[in-house]
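Enquirer: Numbering (UniProt numbering), first residue to last: 1 to 353.
Below is a structure I'd like to ask you about.
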Amino acid sequence: MTDPSSEPKTLRSTLELLAPGTALRDGLERIQRGHTGGLIVLGDGPEVTHICDGGIEFDVDFQPTLLRELSKMDGAVILSSDVSRIVRANVQLVPSPSYPTVETGTRHRAAERTALQTGVPTVSVSASMNTLTLYANGKRHLLDEPAVLTARANQALSTVERYRSRLDLAGQRLFVAEMNDYATVADVLNVLQRQIMLARAANDMDEGIVELGVDSRQLALQLTELRGSIEEDVEMLVRDYIASPTVPSDEQVAAALATLGELPDSELLNTASLARPLGLPATEENLMHDVVPRGYRALSRVPRVQRFLMDHVVSEFGSLPDLLGADPERLADAEHVSPLWARHIYEGLRRLT
Numbered sequence: 001m002t003d004p005s006s007e008p009k010t011l012r013s014t015l016e017l018l019a020p021g022t023a024l025r026d027g028l029e030r031i032q033r034g035h036t037g038g039l040i041v042l043g044d045g046p047e048v049t050h051i052c053d054g055g056i057e058f059d060v061d062f063q064p065t066l067l068r069e070l071s072k073m074d075g076a077v078i079l080s081s082d083v084s085r086i087v088r089a090n091v092q093l094v095p096s097p098s099y100p101t102v103e104t105g106t107r108h109r110a111a112e113r114t115a116l117q118t119g120v121p122t123v124s125v126s127a128s129m130n131t132l133t134l135y136a137n138g139k140r141h142l143l144d145e146p147a148v149l150t151a152r153a154n155q156a157l158s159t160v161e162r163y164r165s166r167l168d169l170a171g172q173r174l175f176v177a178e179m180n181d182y183a184t185v186a187d188v189l190n191v192l193q194r195q196i197m198l199a200r201a202a203n204d205m206d207e208g209i210v211e212l213g214v215d216s217r218q219l220a221l222q223l224t225e226l227r228g229s230i231e232e233d234v235e236m237l238v239r240d241y242i243a244s245p246t247v248p249s250d251e252q253v254a255a256a257l258a259t260l261g262e263l264p265d266s267e268l269l270n271t272a273s274l275a276r277p278l279g280l281p282a283t284e285e286n287l288m289h290d291v292v293p294r295g296y297r298a299l300s301r302v303p304r305v306q307r308f309l310m311d312h313v314v315s316e317f318g319s320l321p322d323l324l325g326a327d328p329e330r331l332a333d334a335e336h337v338s339p340l341w342a343r344h345i346y347e348g349l350r351r352l353t
């Protein structure tokens, strides 16, 4: 059975280890304040020991103060993969010079090449610049001060709030148009554009929240509230409007979502780029063409109605206008829809109208 601690760390999991409030970050900040510099490798597997030369071997519990003292020596400090123990100190790292690096300082060049060769995250503490730099997953990541991270996160949260407000307004307009049977291609694409922008802004903010560590709780709660069920909302919109003679298959929806997810940010303002994955008219003159939803978005607003039940209801009626015009008895004709569920759906849709 594989030891989880031996598996390669993602950038996100590494940032969690280095977040303010953790013992490791405390140790790094002690080195930073002491202006002595340091080189710390976050793993002690064979790929790391292979490039270690000399040093002192021991195995002790990790302590921030001990990390600071050991970093006063010129060499690198090697931590266990779960960073709970200090394994070696005063080590000379000799990674292959064939790995490219843009760094100029000896410590930073060794850190970047070590991370590239071993795949193990490595942190370099600059004595002259007073900075913390993480090398992980082929990337160079500067670890900012908590105050800087907080200011950046608050700015990002304001952006997410604006996107949420604009999406709510556009979404309500589309819903009114759907319920009154005058929705257009432009209405649908406007909502889709704002949904994707909100989802991407929220995802971008996730990393900043991880870096904040213990200071991120309130921001994380606010982001969760603003994000809502955005992924599900995008899927329901796609299921409502993707071109298909019948109820769209999961494979069709997944392919459309994947294509939309791969769109560069610059293409989000291009209506043709958004329309194409759904099979909607992609020219400017066709934006005002009427479109009829299948009813997924409306049914998702009725409490406790599961997706499989939505599929059977949509398969039976085909469009939202027909669904809104059905009485409980007609709704119960749909496969797997009991009279009790039919009454529940009927009353839920009546409340929406």
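By construction, the Cβ of each residue, glycine as well, lies at the ideal position given by its N, Cα and C atoms.
1. Would the segment 189 to 198 count as touching the segment 270 to 277 if we require 3 or more Cβ pairs under 8 angstroms?
2. Closer than 7 angstroms by C-beta to Arg-343: which residues in its own chain qualify, once you throw out the five before and the five after it? Chain order, please.
3. Using 10 angstroms around the beta-carbon of Ser-5, count the other beta-carbons present and answer buried if the total reaches 16, otherwise exposed.
4. Give me, in chain order, the residues of the same chain whose beta-carbon lies closer than 6 angstroms to that of Thr-14; leave out the 5 immediate sequence neighbours on both sides.
5. For Thr-224, count neighbouring C-beta atoms within 10 Å of its own C-beta (all shown protein chains included) and say buried if the count is 16 or more, exposed if not.
6. Using the C-alpha atoms, what's the distance from Arg-33 back to Asn-130?
7. Take the Cβ of Ala-254 as the centre, count every other Cβ of all protein chains shown within 10 Å, and call the residue buried at 16 or more, exposed below.
8. Tell me the DSSP secondary structure of Ile-242 in three-state form.
9. Do Arg-30 and Thr-65 have their beta-carbon atoms positioned less than 8 angstroms apart in this structure?
10. Could you compute how far the alpha carbon of Asp-265 sits from the alpha carbon of Val-77?
11. Whole angstroms are fine: how far does the CA of Leu-167 sit from the CA of Leu-132?
12. Start and end of the alpha helix (DSSP H) containing Asp-322?
13. Would you list the residues sitting across from His-141 in a DSSP beta bridge?
14. I'd like to check one pair, Ile-230 with Ala-202: are the Cβ atoms closer than 8 angstroms?
15. Confirm, please, whether the CB-CB distance from Val-125 to Gly-37 is below 8 angstroms.
16. Below 8 angstroms between beta carbons: does that hold for Ser-81 and Gly-45?
17. Let me know the secondary structure DSSP gives Ser-5 once reduced to three states.
18. Cα separation between Arg-301 and Val-176?
19. Does the Cβ-Cβ distance between Gly-75 and Val-91 come in under 8 angstroms?
20. Identify every residue that forms a DSSP beta bridge with Ser-124.
21. Is Leu-323 buried or exposed, if buried means 16 or more other CB atoms sit within 10 Å of its CB?
22. The beta strand (DSSP E) spanning Arg-85 covers which residue range?
23. Output the distance between the C-alpha atoms of Ser-315 and Tyr-296, rounded to the nearest integer angstrom.
24. What's the call for Ala-19, buried or exposed, on a 16-neighbour Cβ count within 10 Å?
25. Comparing alpha-carbon positions, which option in Glu-69, Ile-86, Leu-219, Thr-159 lies nearest residue 361?
26. Just tell me which of Pro-293, Gly-27, Gln-252, Pro-303 has its CA closest to the CA of Trp-341.
27. Kindly indicate which residue of Ser-244, Ala-332, Leu-299 has the alpha-carbon position closest to the one of Gly-348.
28. Beta-carbon within less than 8 angstroms of His-312's beta-carbon, same chain only, minus the 5 sequence neighbours each way: which residues are those?
29. Put Leu-79 into one of helix, strand or coil per three-state DSSP.
30. Please classify Met-236 as buried or exposed, where buried requires at least 16 neighbouring CB atoms within 10 angstroms.
31. Near Asp-240, which residues of its chain fall below 6 angstroms by C-beta distance, leaving aside the five closest residues on each side in sequence?
32. If I measure Cβ to Cβ from Leu-142 and keep anything under 6 angstroms in the same chain, skipping five residues before and after, which residues do I get?
33. Can you check whether the CB of Leu-263 is closer than 8 angstroms to the CB of Val-238?
34. Which residues in the same chain have their Cβ closer than 7 angstroms to the Cβ of Asp-59, if we skip the five residues on either side of it in sequence?
35. Based on DSSP bridge pairs, tell me the residues matched to Val-60.
36. To the nearest angstrom, how far is it from the Cα of Glu-161 to the Cα of Gln-155?
Expert: The relevant details are as follows:
1. With a cut-off of 8 angstroms, the segment 270 to 277 and the segment 189 to 198 count as touching, because enough Cβ pairs lie within range.
2. The answer, listed in chain order, is Pro-328.
3. Because Ser-5 carries a pLDDT of 44, less than 50, the predicted location of this residue cannot be relied on, and the following value inherits that uncertainty. With fewer than 16 other Cβ atoms within 10 Å, it is exposed.
4. The answer, listed in chain order, is Pro-121, Ala-136.
5. Here Thr-224 is exposed, its C-beta having fewer than 16 other C-beta atoms within 10 Å.
6. When rounded, the distance between both Cα atoms is 8 angstroms.
7. Exposed: under 16 other Cβ atoms inside 10 Å.
8. If DSSP states are grouped into helix, strand and coil, Ile-242 belongs with coil.
9. Yes, they are a contact pair.
10. Using only the alpha carbons, I get a separation of about 41 angstroms.
11. About 38 angstroms.
12. If you look at Asp-322, you'll find it in the alpha helix (DSSP H) that goes 320 to 324.
13. Bridge partners of His-141 according to DSSP: Leu-134.
14. Against a cut-off of 8 angstroms, the Cβ pair of Ile-230 and Ala-202 comes out as a contact.
15. With contacts defined as CB atoms closer than 8 angstroms, Gly-37 and Val-125 qualify as a contacting pair.
16. Contact: yes.
17. Here the model assigns Ser-5 a pLDDT of 44, short of 50, so the residue's position is not dependable and the matter cannot be decided.
18. Those two C-alpha atoms are separated by around 13 angstroms.
19. Going by beta carbons, Gly-75 and Val-91 fall inside the 8 angstroms limit.
20. Ser-124 is bridged to Leu-39, Thr-133.
21. It is buried - the Cβ of Leu-323 has at least 16 other Cβ atoms within 10 Å.
22. Here the beta strand (DSSP E) through Arg-85 covers 85 to 93.
23. Each residue's alpha carbon lies about 11 angstroms from the other.
24. Label assigned to Ala-19: buried.
25. The structure shown does not extend to residue 361, since the chain is modelled only from 1 through 353, so no value can be given for it.
26. Out of Pro-293, Gly-27, Gln-252, Pro-303, Pro-303 has the C-alpha closest to the C-alpha of Trp-341.
27. Its Cα nearest to that of Gly-348, the residue Leu-299 stands out among Ser-244, Ala-332, Leu-299.
28. The answer, listed in chain order, is Ala-334, Glu-335, His-336, Val-337.
29. When secondary structure is reduced to three states using DSSP, Leu-79 falls in the strand class.
30. It is buried - the Cβ of Met-236 has at least 16 other Cβ atoms within 10 Å.
31. Leaving aside the five residues that flank Asp-240 on each side, the residues in its chain whose CB is nearer than 6 angstroms to its CB run, in chain order, Pro-293, Arg-294, Tyr-296, Arg-297.
32. Excluding sequence neighbours, Leu-142 sits near Thr-133.
33. For the pair Val-238 and Leu-263, the CB atoms are not nearer than the 8 angstroms cut-off.
34. If you ignore the 5 residues before and after Asp-59, its C-beta comes within less than 7 angstroms of the C-beta of Arg-85, Val-87, all in its own chain and listed in chain order.
35. Paired residue(s): Ile-86.
36. So the two alpha carbons sit approximately 10 angstroms from each other.
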